[in-house]
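Chemist: Top to bottom, those sequences are chains A and B. The numbering used here puts the first residue of the first sequence at 48, with every later residue one more than the last. The numbering used here puts the first residue of the second sequence at 48, with every later residue one more than the last.
There are 2 protein chains.
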Amino acid sequence: MSFQNELSEELERLESPTAIAQWVSNVLRDKIVKGVYPPGSRLVERKISAELGLSRTPVREALKLLHADGLIAISRNKGAQVLQYGPQEALALFDVIASLESLAAERLAEHISTETLDQLEELHAQMMTYYKIGNQTDYFDTNSEIHDFIVENSGNQIIVETHKRLIARARRGRYLAIMEPDRLVEAVSEHEVLMTAMRNKDKDAAAQIWRQHMTHTGETVVKVLRQDGEQ
Amino acid sequence: MSFQNELSEELERLESPTAIAQWVSNVLRDKIVKGVYPPGSRLVERKISAELGLSRTPVREALKLLHADGLIAISRNKGAQVLQYGPQEALALFDVIASLESLAAERLAEHISTETLDQLEELHAQMMTYYKIGNQTDYFDTNSEIHDFIVENSGNQIIVETHKRLIARARRGRYLAIMEPDRLVEAVSEHEVLMTAMRNKDKDAAAQIWRQHMTHTGETVVKVLRQDGEQ
DNA sequence: GCCCTTAAGATGGGATGCCATATGCAGCGA
DNA sequence: TCGCTGCATATGGCATCCCATCTTAAGGGC
Chain A
48 MSFQNELSEE LERLESPTAI AQWVSNVLRD KIVKGVYPPG SRLVERKISA
98 ELGLSRTPVR EALKLLHADG LIAISRNKGA QVLQYGPQEA LALFDVIASL
148 ESLAAERLAE HISTETLDQL EELHAQMMTY YKIGNQTDYF DTNSEIHDFI
198 VENSGNQIIV ETHKRLIARA RRGRYLAIME PDRLVEAVSE HEVLMTAMRN
248 KDKDAAAQIW RQHMTHTGET VVKVLRQDGE Q
Chain B
48 MSFQNELSEE LERLESPTAI AQWVSNVLRD KIVKGVYPPG SRLVERKISA
98 ELGLSRTPVR EALKLLHADG LIAISRNKGA QVLQYGPQEA LALFDVIASL
148 ESLAAERLAE HISTETLDQL EELHAQMMTY YKIGNQTDYF DTNSEIHDFI
198 VENSGNQIIV ETHKRLIARA RRGRYLAIME PDRLVEAVSE HEVLMTAMRN
248 KDKDAAAQIW RQHMTHTGET VVKVLRQDGE Q
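1. Does the beta carbon of Val143/B come closer than 9 angstroms to any beta carbon on chain A?
2. Which of the three DSSP states is assigned to Arg218/B in this structure?
3. Do you know offhand how far Lys179/A's Cα is from Asp185/A's?
4. Can you give me the Cβ contacts of Ser233/A inside the same chain, cut-off strictly under 7 angstroms, excluding the 5 residues immediately before and after it?
5. Consider the Cβ of Gln204/B: report whether some Cβ of chain A lies at a distance smaller than 9 angstroms.
6. Express the C-alpha separation of Leu241/B and Glu168/B in angstroms, rounding to a whole number.
7. Would you tell me roughly how many angstroms separate the C-alpha atoms of Glu136/B and Asp275/A, rounded to the nearest one?
8. Check whether the Cβ atoms of Gln204/B and Ala115/A lie closer than 9 angstroms to each other.
9. So Val129/B and Leu118/B are supposed to be a Cβ contact under 8 angstroms. How far apart are they, rounded?
10. Should His260/B go down as buried or exposed, given a rule of 16 or more other Cβ atoms within 10 Å for buried?
11. Look at the Cβ atom of Ser72/A, then the Cβ atom of Leu110/A, and state whether they are nearer than 9 angstroms.
12. Per the contact definition of three or more C-beta pairs closer than 8 angstroms, is the segment 241-254 of chain B in contact with the segment 152-170 of chain B?
13. Can you tell me whether Ile159/B is helix, strand or coil according to DSSP?
14. In this structure, what does DSSP give as the bridge partners for Ala127/A?
15. Exposed or buried, which one is Thr176/A when buried takes at least 16 other CB atoms within 10 Å?
16. Give a yes or no on whether the minimum CB-CB distance between Leu241/A and chain B is below 9 angstroms.
17. Give the single residue among Lys125/A, Gly126/A, Leu150/A whose Cα lies nearest to the Cα of Ala252/A.
18. Looking at the structure shown, is Val83/B part of a helix, part of a strand, or coil, going by DSSP?
19. Could you compute how far the alpha carbon of Glu92/A sits from the alpha carbon of Asp165/A?
20. Using a Cβ-Cβ cut-off of 7 angstroms (strictly less than) and excluding sequence neighbours within five positions of Thr189/A, which residues of its own chain qualify?
21. Give the range of the alpha helix (DSSP H) segment to which Asp188/B is assigned.
22. Could you check whether the Cβ of Pro86/B sits closer than 8 angstroms to any heavy atom belonging to the ligand GDP?
23. Run through DSSP, which three-state label would Glu148/B get?
24. At a Cβ cut of 8 angstroms, what residues of the segment 80-113 of chain B count as close to chain A, listed as they run along the chain?
25. Taking the C-alpha atoms as reference points, what is the distance between Leu112/A and Thr209/B?
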């Protein structure tokens, strides 16, 4: 089996340099996040390059990218190994993400334009609809969109870059964590509070509720990971 | 001229894989921070590898690392180019760093042990001595040590990693920014307030003052960069 | 004299080969 | 039977080669 078809498709779309390494890193990241490569498993350059029909060079670069993202450790003669991901890592990760998204919400609330607010209202309304009809998948997708939207419109590129890097690691937990009904109700209520803060351009309220929101999300992920670990 | 001597020395001490690439990236990072490679200048793989007496491979990896750090842009057929660094970038950077160091101070204040507090007191006293006798160089070094100490003892590895990455970029500004006497007095006073918060294990006060402290520092750097840009 | 064409050089990306070292297993000795 | 030694294998790091593409400049045509 080969991934050459998908590779060709992707490459035509992207003209960025090191597009292949990017593609490989995305493939591997996905497999790590989804547990195909469990923590501790070894990613061998030669093996992956053979599977993907590539030389070692782009695979090697992809592994370096994953290393920079904090997903794997690279040791000589032992191959890259998927790092552990447990409650402790998730706790630390969400602590920083909460602080970062809170900052993003604060900065956005400060200078939000009517157009941007309208787009946010649109996303929020969409999410509420999915919530009311009980469509979990679309609810979570729109939810993620809202979080990303706030970060991307914070006006601070450093926040965007840093957030992107950390979220890649946190997704590993979110994939396992299926929100419980109780948390869902609370989360929706917190989203409502944020919208009010945005409408009032109240940066302190926005920062406060968004940090609280992400902290709660983190706590839920940690709880799920703990339950998972006990099994 | 060759750097082979220094290279050998470094390599004996480090047994980490990709030690050469790390070393090269440190050399280049230093030159970027110090302005030897000004913004917009081109870093050509073949040229650097020739100068350092290495093949292109490790140099290439080093450039990828600098790219991941956000210091350079890599474009095909044009070489890596040092990214601009002006008031706008510094503003965005310090906004995030302030938030991050504030979080670190908050987490440290929560659980700080007597031994850790003693070490911090020691560093603080040392810095105050340098301040009083007007030894600027040692003052700034100890100041940096305090900031790093707080981050490293926050108990959150994600904070440490993220901070390290961002500080590498911010150093570019701090190298240019020589603190003014007015700011110096204010900064020292803010350090005093932090120490009080730490002694009281008052996490909110610690978070508040440390964010304010870093925001002020950022503003000073931005001011200096603006003056520099106007010349 | 100006602009377009074209060819040579520059430059990063990818492929491949060699090397140093760590790992693991097999065989030998006590 | 257990442990130690040594060799084969695995594996990542580095060097080198080729290639596609962009840049640049020179030369010819209008």
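Backbone N, C-alpha and C fix where the C-beta goes; we use that ideal spot for every residue, glycine too. Remember, it's a predicted structure, so these values are computed and weren't measured experimentally.
Modeler: So, from the data block:
1. yes
2. helix
3. 11 angstroms
4. According to the sequence displayed, residue 233/A carries Glu and not Ser. The residues are His263.
5. yes
6. 11 angstroms
7. 42 angstroms
8. no
9. 7 angstroms
10. buried
11. yes
12. yes
13. coil
14. Leu90/A, Ile121/A
15. exposed
16. no
17. Leu150/A
18. coil
19. 48 angstroms
20. Leu170, Gln173, Met174, Tyr177
21. 183-199
22. The model depicted lacks the ligand GDP and carries no ligand whatsoever.
23. helix
24. Glu108, Lys111, Leu112
25. 15 angstroms
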